[in-house]
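Okay, so here's the structure we're looking at.
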Ligand SMILES: NC(=O)c1ccc[n+]([C@@H]2O[C@H](COP(=O)([O-])OP(=O)(O)OC[C@H]3O[C@@H](n4cnc5c(N)ncnc54)[C@H](O)[C@@H]3O)[C@@H](O)[C@H]2O)c1
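Numbering (my numbering), first residue to last: 552 to 801.
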């Protein structure tokens, strides 16, 4: 799948990350199909994308989007419970809960439901990408990649691209161009068996472990450690108040 042929982006899971990924793509002019598993979840996705703290309405209030651009962006979004509606997506980005067996099962199901030339990307926080895509067909494996966004997706620019030994150069090039076309900065990361967390979460995890060891040894309080990182390194928040959302203990 070439970058210029991508018109429709599928997003699997409309939660914190999926909603942000969907919003980023619809604002950039792509058609977006978001699939979640219940009406409640779909309604929550719509509410977050439109009225949420980082939603489209807020972008209009801040002058980042004109009203008619916002309406057009939301018109490009289809929210559905039915996997079959993703059939014609050119790329599907998965953002369902961080459970390896769930992701493997859902990608196998998706493989049968989506056209064979579509790219599959996982937004896992750190599972080995080859393992996430273990159960897709051999012909899909060159189209399988990790696209790890940061939260909130609409404001954080980072997108790690994680390539396996089987990911094709065309898939890498297309995903890099898609990320850049939606205002993101890309770092390339080699998929590495036996690890968790790619680049960002591994480095953050190592620093967080060290911060905890310093606190446990009584060298400095948690408050003083956070204060040091925020004021001395310009981190937006410290370790002890900023661990939520990753879904994993360090
Ligand atoms: N939250 C973060 O800060 C963050 C940052 C980077 C990556 N991630 C990763 O992104 C992924 C999603 O995280 P999140 O925080 O958005 O989770 P979330 O719980 O907010 O959203 C997950 C959504 O997936 C839906 N879902 C569950 N099973 C599904 C299925 N079979 N098909 C379609 N939808 C399904 C749920 O109903 C829910 O709406 C995880 O792998 C997580 O590790 C999270």
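All residues carry an ideal CB built from backbone N, CA and C; glycine is no exception.
Values in this document were obtained by computation on a predicted structure and should not be read as measured data.
Q.
By DSSP's criteria, residue 586 is part of a beta bridge. Which residues make up the other side?
A. What you label residue 586 is simply residue 35 of the chain shown in a count that begins at 1. Residue 586 is bridged to 563, 631.
**Q.** Distance cut-off 6 Å: residue 568 Cβ against heavy atoms of ligand 1
**A.** The residue labelled residue 568 in the question sits at position 17 within the chain shown. Flag set: Cβ of residue 568 near ligand 1.
**Q.** Among 596, 764, 724, nearest to residue 670 - alpha-carbon criterion
**A.** Position 119 of the chain shown holds residue 670. Minimum Cα-Cα distance from residue 670 among the listed residues 596, 764, 724 corresponds to 724.
(Q) My output table needs one value for residue 645: the three-state DSSP class, helix, strand or coil. (A) On the chain shown, position 94 is the one that residue 645 refers to. Residue state, collapsed to three classes: strand.
Q.
Does residue 568 pass the burial test, meaning 16 or more other C-beta atoms within 10 Å, or should it be called exposed?
A. As a first step, residue 568 must be located in the chain shown, where it is residue number 17. Residue environment: residue 568 is assigned as buried (16 or more neighbouring CB atoms within 10 Å of its CB, all protein chains considered).
Q) Can you name the residues that DSSP bridges to residue 673? A) The residue labelled residue 673 in the question sits at position 122 within the chain shown. Answer is 645, 697.
Q) Count the other CB atoms within 10 Å of the CB of residue 700; is the residue buried (16 or more) or exposed (fewer)? A) The residue you call residue 700 lines up with position 149 of the chain shown. Buried, by the Cβ-count rule.
Q: Sort 650, 619, 720, 770 by Cα distance to residue 747 and report the nearest one.
A: As a first step, residue 747 is located in the chain shown; it is residue number 196 there, counting from the start. Per the Cα distances, 650.
Q) For residue 741, does the three-state DSSP call read helix, strand or coil? A) Taking the chain shown and counting its residues from 1, the one referred to as residue 741 is at position 190. DSSP places residue 741 in strand when its eight states are reduced to three.
Q. Do you know how far the Cα of residue 675 is from the Cα of residue 702?
A. Counting from one through the chain shown, the residue named residue 702 turns up at place 151. Counting from one through the chain shown, the residue named residue 675 turns up at place 124. Cα to Cα, residue 702 sits roughly 12 Å from residue 675.
Q. Does at least one heavy atom of ligand 1 sit under 6 Å from the Cβ of residue 788?
A. As a position in the chain shown, residue 788 is number 237, starting the count at 1. No; taking the cut-off as 6 Å, the Cβ of residue 788 has no heavy atom of ligand 1 nearer than that.
**Q.** residue 618 to residue 603 span [Cα, whole Å]
**A.** Counting from one through the chain shown, the residue named residue 618 turns up at place 67. Counting from one through the chain shown, the residue named residue 603 turns up at place 52. If you draw a straight line from the Cα of residue 618 to the Cα of residue 603, it is about 16 Å long.
**Q.** Other residues of its chain near residue 558: CB distance less than 8 Å, five sequence neighbours each side excluded
**A.** On the chain shown, residue 558 is found 7 positions in, with the first residue counted as 1. Excluding sequence neighbours, residue 558 sits near 581, 582, 641.
Q) Is it the case that the CB of residue 644 approaches a heavy atom of ligand 1 more closely than 6 Å? A) Working through the chain shown from its first residue, we reach residue 644 at position 93. For ligand 1, not one heavy atom lies less than 6 Å from the Cβ of residue 644.
Q. Which word fits residue 638, buried or exposed, when buried means at least 16 other C-beta atoms lie within 10 angstroms of its C-beta?
A. As a working note, residue 638 is residue 87 in the chain shown. Counting Cβ neighbours within 10 Å, residue 638 comes out exposed, since fewer than 16 surround it.
Q.
On the CB-based measure, 16 or more other CB atoms within 10 Å of its CB, does residue 698 come out buried or exposed?
A. By 1-based counting over the chain shown, the position of residue 698 is 147. Counting other Cβ atoms within 10 Å of its Cβ, residue 698 reaches 16 or more and is therefore classed as buried.
Q) Is residue 705 near ligand 1, with its Cβ less than 6 Å from a heavy atom? A) On the chain shown, residue 705 is found 154 positions in, with the first residue counted as 1. Because no heavy atom of ligand 1 lies under 6 Å away, the Cβ of residue 705 does not count as near it: no.
Q: Using DSSP bridges, identify the partner residues of residue 622.
A: Numbered from 1 along the chain shown, position 71 holds the residue referred to as residue 622. Residue 622 pairs with nothing; no bridge assigned.
Q: Flag residue 563 as yes when its Cβ comes closer than 6 Å to any non-hydrogen atom of ligand 1, and as no otherwise.
A: Taking the chain shown and counting its residues from 1, one reaches residue 563 at position 12. Within the cutoff, so yes.
Q.
Just list the residues that DSSP pairs residue 713 with in beta bridges.
A. As a first step, residue 713 is located in the chain shown; it is residue number 162 there, counting from the start. According to DSSP, residue 713 bridges with 697, 740.
Q: Round the Cβ separation of residue 740 and residue 717 to the nearest angstrom and send it over; I've been treating them as touching at under 8 Å.
A: Walking along the chain shown from the start, residue 740 turns up at place 189. Walking along the chain shown from the start, residue 717 turns up at place 166. Contact doesn't hold; Cβ gap of about 15 Å is too wide.
Q) Would you say the beta carbon of residue 744 comes nearer than 6 Å to a heavy atom of ligand 1? A) The residue labelled residue 744 in the question sits at position 193 within the chain shown. No, the beta carbon of residue 744 sits no closer than 6 Å to any heavy atom of ligand 1.
Q) How about residue 636 and residue 673: do their beta carbons lie closer than 7 Å? A) Taking the chain shown and counting its residues from 1, one reaches residue 636 at position 85. Taking the chain shown and counting its residues from 1, one reaches residue 673 at position 122. Not closer than 7 Å, so no.
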